[in-house]
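Written below as structure tokens is the structure these notes are about.
Residue numbers (UniProt numbering): 1 to 258.
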């Protein structure tokens, strides 16, 4: 991912960003977890959920962002947090839970990645995944449209490609079943209430907009955001109380070994 991650910006919407992680964890049927790892742990908000559910477990987290790991260590002093690239991360079959909330959309070739993650699970282990499925939502179509502006079109030509286009539920099922005994795949659309169109811009500054903003400088970023806001405004009507509802589809997977 191009550019530095900002834990402060990300946590402006901490409760709403953590809700899908809570929903994913609620679907994990594993009762006894001795070792768990949170892939793409960010500032530790999802890792904290794992610790609360299994307080005696050895829980760790990895993230590619040094800034996020520093924030996670400040939040949770007990777990081991490391800076690591999930794309090359490998583990012996020792985890009872591998948890990956809103991170695999930044990694390519899921057909190759998922079997490797499966190898890191112990017998009876669970792989739990949540990925945004919003590339065709107005929020992201608007990013790509704004990137076509002649002022920065050349520099932004590769920005959208940093996000991986996720597979269909059927494709994930087929990719996982050779490695698991049970695979559950489902979609949920969240409608996050935000404070006006500005709220949507603030939400995506720390995620989807990062590859675009990282390739621009100073006043260009402001101009890009102004253009982006004008593009998406017609798709997100303001409610009577001044909020807008950000429709956010997400794909969930829980896969278990016997």
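Every residue gets a Cβ at the ideal spot worked out from N, C-alpha and C, and that includes glycine.
Asked	Found
Give me whichever residues DSSP pairs with residue 249 in a beta bridge.	189
Between residue 248 and residue 101, how many whole angstroms is the CB-CB distance? I'm expecting something under 8 angstroms.	Rounded, the Cβ-Cβ distance is 14 angstroms, inconsistent with contact.
Would residue 45 be called buried (16 or more neighbouring beta carbons within 10 Å of its own) or exposed?	buried
Taking the alpha-carbon of residue 180 as reference, which of 47, 196 and 123 has the nearest alpha-carbon?	123
Spell out the partners DSSP gives residue 35 in its beta bridges.	58
Using DSSP with H/G/I as helix, E/B as strand and the rest coil, what is residue 86?	coil
Going by Cα to Cα distance, which pick from 85, 212 and 252 is closest to residue 155?	212
Out of 140, 108 and 59, point me to the one whose CA is closest to residue 231's CA.	140
Under 9 angstroms between the Cβ atoms of residue 57 and residue 50?	yes
Taking residue 149 as part of the alpha helix (DSSP H), name the residues at either end of that continuous run.	Run containing residue 149: none; DSSP gives neither H nor E here.
Taking all protein chains shown into account, do 16 or more other C-beta atoms lie within 10 angstroms of the C-beta of residue 168, making it buried, or fewer, making it exposed?	exposed
If you follow the beta strand (DSSP E) that residue 166 is part of, which residue opens it and which one closes it?	No beta strand (DSSP E) contains residue 166, which DSSP labels as neither H nor E.
Less than 6 angstroms between C-beta atoms, sequence neighbours within five positions excluded: which residues of the same chain meet that for residue 188?	250
From the DSSP output, read off the bridge partner residues of residue 218.	According to DSSP, which records beta bridges pairwise, residue 218 is partnered with nothing at all.
Helix or strand or just coil, what does DSSP make of residue 244?	strand
Among the residues of its own chain, which have a CB less than 6 angstroms from the CB of residue 87, if the five just before and after it don't count?	107
Just grab the DSSP bridge partners of residue 130 for me.	101 and 252
By the DSSP assignment, the alpha helix (DSSP H) with residue 46 in it spans what residues?	45-53
Taking residue 116 as the reference, which of 91, 32 and 126 has the closest Cα?	91
Nearest-angstrom Cα distance between residue 71 and residue 43?	5 angstroms
For residue 228 versus residue 136, is the C-beta distance shorter than 9 angstroms?	no
Around the Cβ of residue 105, are there at least 16 other Cβ atoms within 10 angstroms (buried) or fewer (exposed)?	buried
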